[in-house]
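Asker:
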Amino acid sequence: MANKVGYEDPHYFSRLFRKKTGLSPVQFREQYQK
1 MANKVGYEDP HYFSRLFRKK TGLSPVQFRE QYQK
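So for the sequence shown, UniProt numbering puts the first residue at 1; every next one is plus one.
1) In angstroms, rounded to a whole number, what distance separates the CA positions of E8 and L23?
2) Measure the C-alpha to C-alpha separation of P25 and Y32 and round it to an integer number of angstroms.
3) Where does Y32 fall in DSSP's three states?
4) Is the beta carbon of T21 closer than 8 angstroms to that of F28?
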């Protein structure tokens, strides 16, 4: 997912994503797939 939005470092993307949403990318995906 990080590469698709232009981030080369997935760990950096995950930290930013968690700051904005309160969830990790995996948690976000699992929550909104239901």
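C-beta atoms are modelled at their ideal positions from N, C-alpha and C, and glycine is treated no differently.
Answerer: According to the data block:
1) 20 angstroms
2) 11 angstroms
3) helix
4) yes
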